[in-house]
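J.: The structure is given below, and queries will be raised subsequently.
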Amino acid sequence: MRILNYLLKITVLLVSFLQLNAQAAPVISLQEYDDALVEVQNAFYTKWSEHNSTETDLNTAQTSLLPALIEGAKHFDLLLPIPFYRSYFRYREKYGEDVFNRSVVRAVAKNYIGASGVASLFGSSAVNLEELFLFSSLHPLTDDPLDAKFISERTMSKITHWLNGEVDPPSSFYEKMIYDILEKIYLKFSPQKHPVFYKILRQLHQAQIASTKVQNQNATEKELIEVAFMKGALSACAGLYIAMNGMSTEQFKAALWFGGMLQILDDKKDVLIDQKEGIETVFVREIRVNRSILNASQSTLGLHEQVLSALRAFPSVAAAYRRYFYREFSILHLMDYERNIGLTISDPLKKKCGNLLKSTN
986 MRILNYLLKI TVLLVSFLQL NAQAAPVISL QEYDDALVEV QNAFYTKWSE
1036 HNSTETDLNT AQTSLLPALI EGAKHFDLLL PIPFYRSYFR YREKYGEDVF
1086 NRSVVRAVAK NYIGASGVAS LFGSSAVNLE ELFLFSSLHP LTDDPLDAKF
1136 ISERTMSKIT HWLNGEVDPP SSFYEKMIYD ILEKIYLKFS PQKHPVFYKI
1186 LRQLHQAQIA STKVQNQNAT EKELIEVAFM KGALSACAGL YIAMNGMSTE
1236 QFKAALWFGG MLQILDDKKD VLIDQKEGIE TVFVREIRVN RSILNASQST
1286 LGLHEQVLSA LRAFPSVAAA YRRYFYREFS ILHLMDYERN IGLTISDPLK
1336 KKCGNLLKST N
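If you want our numbering, it's the 1-based position in the sequence shown plus 985.
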């Protein structure tokens, strides 16, 4: 009994220590947020439009935490922590298995594990786990149905009003669910204490709306790639802000870069699916215009260099991102795309991608 009491005291002290550390996280100001966002946006498109791809430092590739965690989300029954299950069963019971079905929960698990994993790579123990689960649910419950045109403009307008603190009562089961999720997040992160977090949410929501407006053949490459980048960048920032109870300016910039890049890699990986479903991305556009994705792939390689540079101050995050990039930017994926559209990939790009793939073996 004495030993158990001792262990209980140690546990309480440890939890208190972690909570104090989380509360002490340096929080970016609104002005710093605006300046950093403009800086990264400008640098991003400049680098993307160069369409070059300098040699990657392959010698620094190393085994890391994040890809294993993200890959592990495919088998979340075995890997996810107890707090995830607690939230999952609570909200599945509340909203039904049709809403929190296995496909949705796998997406939630990927977002949840990614944010908590990167938080640990930033040196912060993940906290606010129920709020992180709820935020992780918003993407599969809003962005994916929005792409599929299952959500009305009126509903999106209501979400905009809620994020702006305006009164607009929900009028359907779906709207009530989204309202409840946001309200629960509000209880932990009030707009008064966390104005940057709400600016991230508002701009993320606007990026989601903008993505529906560029789903046509008249959208420019710049519009397509900037919307994709901002959706991924702001989503990563929001999840990390919750998991770390705040972010520094440098952490915010780093999250913008790798979050945006992960979205671009996701668009590249899903190009054939997006093409079939009529979702316009820079990769789908290039297949339609050039019957290839070589230019966009070259730009992705060039952008990869910029992301590594932005992550230089965070070597653990950089190592995780690098490993994930190598896995996603696989010569096997590129060859599969080229085979499906009837072209052969160019030798220089094949060699470069082959080197990237070999570095992970």
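Beta carbons: idealized from backbone N, C-alpha and C, even for Gly.
Just verifying my parser: in three-state terms, what is the DSSP assignment at K1161?
T.: Three-state result, K1161: helix.
J.: Does S1282 get closer than 9 Å to chain C when you measure Cβ to Cβ?
T.: The question asks about chain C, but that chain is absent: this structure has only one protein chain.
J.: Which value, in whole angstroms, describes the spacing of the CA atoms of K1143 and S1175?
T.: Going from the Cα of K1143 to the Cα of S1175 covers about 19 Å.
J.: In whole angstroms, what is the alpha-carbon distance linking F1310 and L1286?
T.: One C-alpha to the other measures close to 10 Å.
J.: Under 6 Å Cβ to Cβ from L1288, same chain only, skipping five residues before and after it: list those, please.
T.: Only K1032, W1033 meet the Cβ criterion.
J.: Roughly how many angstroms separate the alpha carbons of R1307 and N1203, rounded to a whole number?
T.: C-alpha separation (whole angstroms): 34 Å.
J.: For W1242 and V1199, which I take to be in contact (beta-carbon distance under 8 Å), what is that distance rounded to the nearest angstrom?
T.: Going by Cβ atoms, the distance from W1242 to V1199 rounds to 22 Å, so no, they are not a contact pair.
J.: Confirm, please, whether the CB-CB distance from I1210 to Y1030 is below 9 Å.
T.: Cβ atoms of Y1030 and I1210: closer than 9 Å.
J.: When you compare the stretch 1113-1129 with the stretch 1157-1166, are there three or more beta-carbon pairs, one atom per stretch, that lie closer than 8 Å?
T.: Touching, yes.
J.: What do you get for R1075, buried or exposed, if any count of 16 or more other CB atoms within 10 angstroms of its CB means buried?
T.: Per the 10 Å Cβ criterion, exposed.
J.: Alpha carbon to alpha carbon, how far is V1084 from S1072?
T.: C-alpha separation (whole angstroms): 14 Å.
J.: My guess is that G1217 and G1245 are in contact by the Cβ rule of under 8 Å, so how many angstroms apart are they, rounded?
T.: The Cβ separation is near 5 Å, so the contact holds.
J.: Let me know the alpha helix (DSSP H) ranges lying completely inside the stretch 1071-1116, each 4 residues or longer, listed in chain order.
T.: You should have 1087-1106.
J.: Using alpha carbons as the reference points, say which of I1185, L1189, L1148, F1299 lies closest to K1169.
T.: Here the closest residue by C-alpha is L1148.
J.: Are the beta-carbon atoms belonging to Y1018 and V1212 less than 9 Å from one another?
T.: No, Cβ-Cβ distance for Y1018 and V1212 is not below 9 Å.
J.: Using a Cβ-based criterion (distance less than 8 Å to any ligand heavy atom), does F1074 qualify as near the ligand NAD?
T.: The ligand NAD is not part of this structure, which contains no ligands at all.
J.: Please look up how many angstroms separate the CB atoms of Y1097 and F1069, rounded, as I've assumed it's under 8 Å.
T.: Indeed, because the Cβ distance is near 6 Å, the residues count as touching under 8 Å.
J.: Is N1204 helix, strand or coil by DSSP?
T.: Reading off the sequence, residue 1204 comes out as Ala, not Asn. Three-state result, A1204: coil.
J.: Note the first and the last residue of the continuous alpha helix (DSSP H) segment covering H1179.
T.: Here H1179 belongs to no alpha helix (DSSP H), and DSSP marks it neither H nor E.
J.: In angstroms, rounded to a whole number, what distance separates the CA positions of D1020 and G1081?
T.: Their backbone Cα atoms lie some 42 Å apart in a straight line.
J.: Taking C-beta to C-beta, are T1231 and H1179 nearer than 9 Å?
T.: In the sequence under discussion, the amino acid at residue 1231 is Gly, which differs from the Thr named in the question. Yes; because the gap between Cβ atoms is below 9 Å, this pair is in contact.
J.: Applying the criterion that 16 or more other CB atoms from any shown protein chain within 10 Å of the CB defines a buried residue, is E1151 buried or exposed?
T.: Exposed.
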